[in-house]
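So the protein lines, in turn, are chains A and B.
Numbering-wise (numbering that gives the first Met the number 0), the first sequence opens with residue 0 and increments by one.
Numbering-wise (numbering that gives the first Met the number 0), the second sequence opens with residue 0 and increments by one.
Virtual Cβ for every residue (Gly too), placed ideally from N, Cα, C.
Before any comments, here is the structure.
2 protein chains.
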Amino acid sequence: MAQNKKMVEAITGRDEDFAKWYTDIVKKAELVDYSNVKGCMVIRPYGFAIWENMRNDMDRRFKETGHENVYMPMFIPESLLEKEKDHVEGFAPECAWVTVGGSEKLTERLCVRPTSETLFCEHYAKIVNTYRDLPKLYNQWCSVVRWEKTTRPFLRTSEFLWQEGHTLHETEEEAREETLRMLQVYTDFYKETLAIPAVVGEKTPKERFAGALETYTIEPMMHNGVALQGGTSHYFGDGFAKAFDITYTGRDNKLHYPHQTSWGTSTRMIGALIMVHSDDDGLVLPPKIAPIQVAVIPIAQHKEGVLDKANAVYEQLKKQFRTKLDDSDQSPGWKFAQYEMKGVPVRLELGPKDIEKNQCVLVRRDTREKLFVSLDNIEQTISDLLVKIHDDMYNRALENMKEKTHVAHNINEFLDIAKNKPGFIKAMWCGDSACEDKIKDVTGGVKSRCIPFEEENLGDTCACCGRPAKHMVYWGKQY
Amino acid sequence: MAQNKKMVEAITGRDEDFAKWYTDIVKKAELVDYSNVKGCMVIRPYGFAIWENMRNDMDRRFKETGHENVYMPMFIPESLLEKEKDHVEGFAPECAWVTVGGSEKLTERLCVRPTSETLFCEHYAKIVNTYRDLPKLYNQWCSVVRWEKTTRPFLRTSEFLWQEGHTLHETEEEAREETLRMLQVYTDFYKETLAIPAVVGEKTPKERFAGALETYTIEPMMHNGVALQGGTSHYFGDGFAKAFDITYTGRDNKLHYPHQTSWGTSTRMIGALIMVHSDDDGLVLPPKIAPIQVAVIPIAQHKEGVLDKANAVYEQLKKQFRTKLDDSDQSPGWKFAQYEMKGVPVRLELGPKDIEKNQCVLVRRDTREKLFVSLDNIEQTISDLLVKIHDDMYNRALENMKEKTHVAHNINEFLDIAKNKPGFIKAMWCGDSACEDKIKDVTGGVKSRCIPFEEENLGDTCACCGRPAKHMVYWGKQY
């Protein structure tokens, strides 16, 4: 009972304290629990079910584009991590090191993988011989560890779940195509499955992944205007291949280095999901990944025929939708609050009067709209409604992103926007990382998000230094 | 080309050198690659596809029996591992320890999970309050680490993939039912999906899991008569609950300790799959988990109409079966050897003469039987054939297990069988672990496998010491 009461307690308002609102949702929707291990989280059944739905959807997209899953060891010997100079510099400071195994001190320290480029390279060096062995299109789903000082569930944790794709190609052109193809897969997934719009483009050199020649990114905007790096895709050229001596005999019968990519997304996406769509009553989940799509709530369930009818409707719906019938002895009001907290897209209420009229009440989670609909053809009605909910959620998020995107022509406008208007800032840039440093310093943390594929011409000079501009860049604070 | 030649090289004969035959298959069927990390393996796409099929099948069975997936941290603080005395004694000697995180020495060592009882208990202590919160039926799919001195792919590795179920119940009775229910789920999975028969029953106290009151096991026999512990299910009573202070308010409004179980299976099952079914030409996979169920091989594919027809058959079959069309420029002979090595259950050959007659040739991997069948109704023909292959594989394995199961009435018969007849030994036992020790010593490694649920009466006295017998026990050497 104490448990139940806790569920319907109000959570912190989103506009009142965004950070606290986020934490409240994460806990009260029972997505995670904190563990005694610093920075590591317990992903609870409801949170994990969301992750499973995401993973299954992405995995299908990866397989449709020809990728295969593998599993690499979770440990990387220190000497292996050190083979690619830029890479080790990027990751060594945040590694967890195993130094003792089976009660003996190890002769070489093992890093718990923060990412697996080095392991894939070592394997590729052994199995790739000729151009006939290419491309290699591998992906793995696993957990990785990056020692973080300050942590927040899903957004920044010392251990997180992710997928990492690692591919090897005969030509630079093919590898570049793959890098962009996977960025597009991510973009489609965000739009079609998570109902999240985003800005996509290339990272500036300063923001590139350790060891990459090019890093592409998808940057959705959270409801409060803060950006979240939602997924990245990297083109490595042949730098790793050279460091790990991966060669193949080409069609010309000569030895060549193959060209490489990697791309990854993680449980951070659950954080994005919360911060883009949810509201003061809890989670709002897009139908495609909601663990429960329809919650059937009988009203006055003690009255004759109500439970029977509710059961019949449930049996009918569960063939097509992830459906839950709640016939527990909690009050309807408690149940409404419960499934609102959990972000169930559609609530179906069914009482004696509805049954008389052969109808039911559908309540949308995202808008609270109440619809009185016939029980005839209810599957089609709900199916259409779920599509509409998805589209409306996407469009509202897009509207929010547009509203919170501003243009700065000079450093004063930059400062003014950074101070007063949360969101993205579009501004011209000279290409010098010194300007990125300066902007970050004076604004208290605004960083370049990406150079979008379609740049607008907002002027001829860098908004920071006034020198000739090379690119239009999206800027913003980030999680 | 070098690659191709390697594929059709003969592997070591199964009867010649079983261990080398096993390693040859693992490598030549491209299931794993060795890594530079001691005892850790790279699971390659074909090996991982087998694991995915196993995992999806088991996961469905777990969900159908009401279980939910979660994810616990991969690290266990030393103090947490030490909370349950028997448990830490069992696992501490084989732990890998993280002592440095983010370039700082940790104040407390973290063990990379060898199993997660302690983490589940810590979480349960926080989220369970009343009998209304029970049962908790959680499972997780993850990798675990146990530092091994001598390793073999799938059978014994320092890191392996597994599932671990951890459940919490109001009553002892419910927890005992769960322990046996999950053993049955494993037994069904082995029979229905892996086509592997097994002996099931209870482990002797000596062979129990660290901290368990009862351990149940499924013990399939490999082709050479050696046993493999194929999965275990443990009843813990309330020992962990007491150690971790997990309590709930009961229906009587008083505080109680809940009763607990855990159960697990791992990538070892792939080792079992190989050693039960495969032969001198490579893998033989049961249809339910084969990554490719049907390989379509065009014969004389340069002749007009052959590739078109092969493609049409492929398009037709792939809707219902995991099908691969191999129209590469390799010879049919090479392709035959390739898909035999990979254990594809059915090969479909299609040449100009077959097309004329509206037929094709189906070749069973398990028996090499050739069937000339009409292309009309080919889906049904293949569907029936796959069922028959599964059943025949199961029955052959059962026959092998029966043939290699012997009865010993006294220590001399025990020694004779252990020396001359590989397989299981059924023998009466007094219940004293001293006799287990003695049998292991004198036979060079024969251990008790389990006390089966249906014990036969083979006599009144212990086959080792001659004292009154309490149980009939299955004995055998193990991987």
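**Report entry** Given B/Phe423 as reference, the closest of B/Val406, B/Glu412, B/Asp415, B/Lys439 once Cα atoms are compared
**Finding:** From the listed residues B/Val406, B/Glu412, B/Asp415, B/Lys439, the smallest Cα separation to B/Phe423 is found for B/Val406.
**Report entry** One or two residues paired with B/Glu213 in a DSSP bridge
**Finding:** According to DSSP, B/Glu213 bridges with B/Tyr234.
Query raised in the report: DSSP state of A/Leu316, grouped into three classes?
Result: Three-state result, A/Leu316: helix.
Query - Inter-residue Cα distance where the pair is A/Glu314 and A/Asp390 - result: C-alpha separation (whole angstroms): 27 Å.
Query raised in the report: Any C-beta of chain A sitting closer than 9 Å to the C-beta of B/Lys148?
Result: Yes, B/Lys148 lies at the interface with chain A (some Cβ there is under 9 Å from its Cβ).
Query raised in the report: Between B/Gly65 and chain A, is there a C-beta pair that is closer than 9 Å?
Result: Closer than 9 Å: no.
Query raised in the report: Excluding five sequence neighbours on each side, which residues of the same chain lie with their C-beta closer than 6 Å to the C-beta of A/Val184?
Result: Excluding sequence neighbours, A/Val184 sits near Arg60.
Query raised in the report: Is the number of C-beta pairs between the stretch 296-310 of chain B and the stretch 378-390 of chain B that are closer than 8 Å three or more?
Result: Result no; under three Cβ-Cβ pairs closer than 8 Å.
Report task. Could you list which residues in chain B have their beta carbon closer than 7 Å to that of A/Ile10, in chain order? Result -> None at all; the shortest Cβ gap to chain B is about 19 Å.
**Report entry** Identity of the residue in A/Ile438, A/Ala426, A/Val441, A/Glu355 nearest A/Met471 by Cα
**Finding:** Proximity to A/Met471 across A/Ile438, A/Ala426, A/Val441, A/Glu355 peaks at A/Ala426, based on C-alpha coordinates.
Query - A/Ile25 and A/Ser34 closer than 9 Å at C-beta - result: Note that residue 25 of chain A is Val in the sequence shown, not Ile. Cβ distance not < 9 Å, so A/Val25 and A/Ser34 don't count as in contact.
Query - Bridge-paired residues (DSSP) for A/Tyr247 - result: A/His255.
Query raised in the report: Does DSSP classify B/Asn132 as helix, strand or coil?
Result: It should be pointed out that residue 132 of chain B corresponds to Asp in this sequence rather than to Asn. In the three-state DSSP reduction, B/Asp132 falls in the helix class (H, G or I).
Requested in this report: For chain B, find out if any of its Cβ atoms is closer than 9 Å to the Cβ of A/Trp50; answer yes or no.
Outcome: Contact of A/Trp50 with chain B is assigned, a C-beta pair being separated by under 9 Å.
Requested in this report: Note down, in chain order, all residues in the stretch 151-172 of chain B with a beta-carbon under 7 Å from any beta-carbon belonging to chain A.
Outcome: Listed in chain order, the positions of the stretch 151-172 of chain B with a beta carbon within less than 7 Å of a beta carbon of chain A are Glu158, Leu160.
Query - Reference B/Ser432, options B/Ala336, B/Cys463, B/His258, closest by Cα - result: Checked all of B/Ala336, B/Cys463, B/His258; the closest Cα to B/Ser432 is B/Cys463.
Query raised in the report: Is the Cβ of A/Asn35 closer than 9 Å to any Cβ of chain B?
Result: Interface residue (Cβ-Cβ distance to chain B less than 9 Å): A/Asn35 is classified as such.
Report task. Could you pull the start and end residues of the beta strand (DSSP E) that A/Glu201 belongs to? Result -> Judged by DSSP secondary structure, A/Glu201 falls within the beta strand (DSSP E) whose first and last residues are 198-201.
Requested in this report: Would you decide whether B/His122 is buried or exposed? Buried here means 16 or more other CB atoms lie within 10 Å of its CB.
Outcome: Buried is the call here.
**Report entry** Inter-residue CB distance, B/Tyr393 and B/Glu218 (contact presumed, cutoff 8 Å)
**Finding:** Approximately 16 Å separates the beta-carbon atoms of B/Tyr393 and B/Glu218; this is outside 8 Å, ruling out the contact.
**Report entry** chain A contact for B/Gly263 (CB, 9 Å cutoff)
**Finding:** Cβ-Cβ to chain A under 9 Å: no for B/Gly263.
Query - Extent of the continuous alpha helix (DSSP H) to which A/Arg180 belongs - result: In this chain, the alpha helix (DSSP H) harbouring A/Arg180 covers 171-191.
Query raised in the report: Is any beta-carbon of chain B found at less than 9 Å from that of A/Ile75?
Result: Output row for A/Ile75: interface = yes.
Query raised in the report: From what residue to what residue does the beta strand (DSSP E) around B/Arg482 run?
Result: Residue 482 of chain B cannot be examined here, being either before or after the span of chain B that is shown, 0 to 478.
**Report entry** Nearest-angstrom Cβ-Cβ length linking A/Ala481 and A/Lys341, presumed shorter than 8 Å
**Finding:** Missing from the structure shown is residue 481 of chain A; chain A here goes from 0 to 478 and no further.
Query raised in the report: Hey, is A/Cys120's beta-carbon within less than 9 Å of any beta-carbon in chain B?
Result: Taking Cβ atoms only, chain B never reaches closer than 9 Å to A/Cys120, which makes this a no.
Query raised in the report: Per DSSP, B/Tyr137 forms a beta bridge with which residues?
Result: The secondary-structure analysis by DSSP pairs B/Tyr137 across a beta bridge with B/Glu67, B/His165.
Query raised in the report: Can we say the stretch 254-264 of chain B touches the stretch 277-286 of chain B, given the rule of at least three CB pairs closer than 8 Å?
Result: Flag = no, the stretch 254-264 of chain B and the stretch 277-286 of chain B do not touch.
Query raised in the report: In chain A, what lies closer than 7 Å to B/Val97 by C-beta?
Result: In chain order: Ala95, Trp96, Val97, Val111.
Query raised in the report: Terminal residues of the continuous alpha helix (DSSP H) containing B/Pro76?
Result: Under the DSSP assignment, B/Pro76 falls outside any alpha helix (DSSP H), being part of the beta strand (DSSP E) whose first and last residues are 74-76.
Query raised in the report: Hey, quick one: how far does the beta strand (DSSP E) through B/Leu540 stretch, first residue to last?
Result: This structure cannot speak to residue 540 of chain B, because chain B is shown only from 0 to 478.
Query raised in the report: What is the DSSP secondary structure of A/Val144, counted as helix, strand or coil?
Result: A/Val144: strand per DSSP, three-state reduction.
Query - Given 8 Å, three or more beta-carbon pairs between the stretch 192-204 of chain A and the stretch 150-164 of chain A - result: The stretch 192-204 of chain A makes no contact with the stretch 150-164 of chain A, as fewer than three CB pairs between them are under 8 Å.
Requested in this report: Give the DSSP bridge partners of A/Ser261, in chain order.
Outcome: BP columns for A/Ser261 point to A/His165, A/His233.
Report task. Please decide whether A/Lys125 counts as near chain B, where near means a Cβ-Cβ distance under 9 Å. Result -> With its beta carbon less than 9 Å from one in chain B, A/Lys125 belongs to the interface.
Query - CB contact check: A/Arg59 to chain B, cutoff 9 Å - result: Chain B, which has no Cβ nearer than 9 Å to the Cβ of A/Arg59, makes this no.
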